[in-house]
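What follows is one structure encoded as structure tokens, with my remarks underneath.
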Amino acid sequence: MKKRGRGMACMWYPIGFTVAANPSSAVVKLDEDGTATLLTGTVETGQGSLTILAQIVAQELGISTDDVNVVSADTDSTPMDTGAIASRTTYVTGNAARLAAEKVKLMLFDVVAPLLNVKPNQLEAKDHRIVVKGFPQRNMHIGDAANHARTVTGEPPIGSASFNPATVALDPETGQGKPFGTYVYATQIAEVEVDDETGDVEVLRIVASHDCGTPINPMLVEGQVEGGISMGVGFALQEEILFNANGVQINPNLTNYIMPTSLDMPEVEVDIVDNYDPSGPFGAKGVGEPTLVPTAACILNAIYNAVGVRITSLPATAEKVFNAIQAKRNAEPKQITA
Amino acid sequence: MDKTVDKNPKVAEKVSPAETILKEPGILREPVAAPLVTYPIEVVIPKARQQTPAVGQRATRLDGRLHGLGQTGYIDDMTFPGMLYAKIRRAGVASARIKSIDTKEAEAMPGVMAVLTGKDVPNNSFGPSIKDQPVLAYERVFHAGDGVVAIAAVTEQIAAEACEKVKIEYELFTPVLDPLESLKLETPGVHAPSANIYQKKFIKKGDIEKGFAMSDHIVEGHFTTQMVEHVPLEPHATIAMWDANGRLTVYSTLGRITLGRADLASTLGIPISRVRIVATIVGGNFGGKNEITTEPVLALLSKKTGRPVKSVFTRPDEFIASTTRHPLIMDYKTGVTKDGRIQARKLRLVLDGGAYCSWSETTLSKACILSAGPYNIENLYAEAYVVYTNKTMTGAMRGFGAPQVCFAYESHMDDIATLLNMDPLDIRLINAFHEGSISPTGQKLQSVVVKESLLRAAERFGWNGKGSTAGGSKVLPKEITSGTTVRV
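Sequence order for the protein chains is A and B. Mapping to my numbering: the first sequence position 56 is 1382, numbers consecutive. Mapping to my numbering: the second sequence position 478 is 496, numbers consecutive.
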């Protein structure tokens, strides 16, 4: 018989490296038509991080995402970056990119202020223009400002900056210290169906409520959550590298190492928890790794809820679940019929 | 590698590579370049990419159109004039001393241009925190995926065939495979004289004994997790080439080019400024591409031959020769009051570190720091060890130990809820961090929303109290929720 169950798991996860410095640098240049180029040493690994960085630079300069060209991942032409690791790109590289763009913006304010008869601190960058705060009709197009900087004052707008999360080393005896700049939080709840005759588990649905600070791009947050859950389903139920007695892998191929496919994916409902972290770029933190952290835990709790067996070793393969159900039945007192 | 091709006797005959290609046009993997296709350049730019303010927009990705049209250039799509292909012969034994390597027959094969072994590598060790990993095995083999001989040839098939012709004699040792065995002092050192426990972490907070004394119930749990692979769609791929000024350019699937360049320069014994690394759009990383793998091997083969050299991992290479996720053995003991407040928690984590350190240090730290869960626990003692075994190296993988400890602390939490006959949501809300909570390492936490995420997920899911149903779930009989638990 197929039995349904539900289970939850919550988690916390840090952004960036444990204590160790993990800086990022960035360079931003603005051209005379008001479009920008970002140079970054991070690498796009499929998660959309370069788009996120473009959005951050665009936000700081008051231009659109499409106005920012991103040059990345060449040690000859891009500045130092600790790389696409530890869910750090939005937070650490994003902060560096924002700071570099801010320098460009402040250069433009210095150029534009005398032209609009105001002080630089009375200006803001908004909707492709440098605008006097409170007097939107007094403005200059950001491209004209950049052109003026280049051809009249002789200061082409370019800025570079670095960022490294603030940490304090851990005491080796007690582990006390401040290992990370910030953390994110999440809860996932799974509904599963367990066949108690075969032990087969199907994950029907997962609701995932994730904190990432400000979602710079909600669509890319959703993509990360869906990808993380697919990895979590494999970790919970299927994937395992097996060794023979001599320490040699016996299933190093995708025929015998079972990965979840689209057919194994549950319905995923992504919920982004409202939050703002003052240390992140525009309040953003990150979301890459945390998306998979609670998945196996909530699925295993749902299996327990469905059939009353606690699987304590991953993965919860059909064989393992079946054996546990059998063991539980054998342990229960026999019902004697009248 | 296609085995049927590999064993084709015709390929093994002494014929020139050109003749082989002519005779067997279908079987050879010829250089692949992206097909010449033209597309209209008038691109429709989605509105979300054009709007201001930019933050918060559902902007489509810069690379989305290229992916959609199949125009993204991955390393396997790239080719250079005169480019060679490299293959690596792997040990296939978990622990051994290399008695001899005979490469004569391989070198004599037509089309084979260079053969490389561990003794040819200028500085044959690297690693992100402990430099314990050889580029190619030298004298000793520490796990079955260790590369022993690398061969560059005019085709991938000839390189693979030549690898099979290398004769290697081993003196086999009993491998250390069980991390709990490795933990024991009497177990022979995998990297003797270095100890098998190569990193330790401790967290001590409050008074653990006092906490247990204040508790109404003590709950224990033992949990284990398995080794898994990242399985990126694009396997590790590299092309290395030198220019006439002695400057090296490497196209690589590395996710961390700054570190990769420094490690590569160090293994080759050349200044960092002579190395350029270009990372293409990477087809999935998940932590598996955070350190160099074949880059030094290809650089040296390219130097020997004066030609560009490419290597693309096969799927088996990806499993046996790249990093994997740490298996964990986790023991939890928690003291709780009858109303569900956690008073004390004691736990131990043992990480199977595999043959080399790789990113074990940061995995150990994160696992240990996160191991108590997002809960206010005044009295905590956590100890964590990572040990060497003669298994595939474990390293960075999405979550750095967190999915493993989350499985343990959240299964344990539900066990506690079951014992106290509490709703899993309620026990979490009672204990969860709040704004300003002090973490196990004594850090004051900011922007904490764990309770909000619990409540929002519960509302969205339709979680309505203990033993209730969601989406037509079966109501659990009381005796199961609070009764026998079978442990596997």
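Think of the CB as a built atom: it goes at the ideal place given N, C-alpha and C, for glycine as much as any other residue. Small disclaimer: the values here were computed from a predicted structure and weren't measured.
Residue 203 of chain B, buried or exposed, once every other Cβ within 10 Å from all chains shown has been counted against 16: exposed
Beta-ladder partner(s) of residue 1340 of chain A, from DSSP: A:1509
Segment limits, alpha helix (DSSP H) that includes residue 434 of chain B: 420–438
Start-end ranges of the alpha helix (DSSP H) lying completely within the segment 256–301 of chain B, minimum 4 residues: 275–286
Segment limits, beta strand (DSSP E) that includes residue 134 of chain B: 130–135
Contact list for residue 68 of chain B against chain A, beta-carbon separation under 8 Å: 1390, 1391 and 1392
Closest Cα partner of residue 160 of chain B within the set B:481, B:192, B:172 and B:133: B:192
Residue 1562 of chain A beta carbon less than 8 Å from that of residue 1551 of chain A: no
C-beta atoms of residue 347 of chain B and residue 198 of chain B nearer than 8 Å: yes
Chain-order list of residues whose beta-carbon lies under 8 Å from that of residue 111 of chain B (same chain, five-residue window excluded): 159, 162, 188 and 190
Spatial neighbours of residue 87 of chain B in its chain, beta-carbon cut-off 7 Å, leaving aside the 5 residues before and after: 57
Identity of the residue in B:281, B:250 and B:290 nearest residue 1585 of chain A by Cα: B:250
Distance, residue 419 of chain B Cα to residue 381 of chain B Cα: 5 Å
Minimum C-alpha distance to residue 1478 of chain A - residue among A:1455, A:1421, A:1649 and A:1437: A:1437
Close Cβ partners of residue 1655 of chain A (< 8 Å) along its chain, the five nearest in sequence each way excluded: none
Assigned exposure category for residue 1467 of chain A - 16 Cβ within 10 Å defines buried: exposed
Straight-line gap, residue 277 of chain B to residue 1508 of chain A (C-alpha atoms, nearest Å): 24 Å
Cβ separation of residue 455 of chain B and residue 239 of chain B, assumed to be a contact under 8 Å, to the nearest whole Å: Not a contact, Cβ separation roughly 23 Å.
Sub-8 Å separation of residue 507 of chain B and residue 400 of chain B beta-carbons: Because residue 507 of chain B is not part of the residues shown, which for chain B are 19 to 506, the question remains open.
Residue ranges of each alpha helix (DSSP H) within the segment 61–117 of chain B, 4 or longer: 65–68 and 82–86
Residues bridged to residue 342 of chain B [DSSP beta-bridge criterion]: B:412
Beta-carbon contacts of residue 1639 of chain A that lie in its chain and below 8 Å, excluding the five residues immediately before and after: 1646
Contact under 8 Å by Cβ, residue 117 of chain B with residue 1573 of chain A: no
Cut-off 6 Å between Cβ atoms - residues of its own chain near residue 232 of chain B, not counting five sequence neighbours on either side: 361
Proximity of residue 1354 of chain A and residue 1362 of chain A at Cβ, strictly below 8 Å: yes
Inter-residue spacing [alpha-carbon to alpha-carbon] between residue 1469 of chain A and residue 1460 of chain A: 21 Å
Proximal residues of chain B, C-beta to C-beta of residue 1538 of chain A below 9 Å: Near residue 1538 of chain A there are no residues of chain B at all, since even the closest Cβ is about 10 Å away, more than 9 Å.
8 Å Cβ cutoff met for residue 1360 of chain A and residue 1629 of chain A: no
Nearest candidate by alpha-carbon position, reference residue 1503 of chain A, set B:469, B:85, B:471 and B:462: B:462
6 Å Cβ shell around residue 1327 of chain A - same chain, five flanking residues per side excluded: 1522
According to DSSP, residues forming a beta bridge with residue 1559 of chain A: Beta-bridge pairing links residue 1559 of chain A to no other residue.
Terminal residues of the alpha helix (DSSP H) in which residue 304 of chain B lies: First-last for residue 304 of chain B: undefined, no H or E at that position.
Entirely enclosed alpha helix (DSSP H) segments - the segment 1463–1530 of chain A, minimum 4 residues: 1468–1477
CB contact below 8 Å: residue 478 of chain B versus chain A: yes
Cβ neighbour criterion (16 or more within 10 Å) applied to residue 1463 of chain A: exposed
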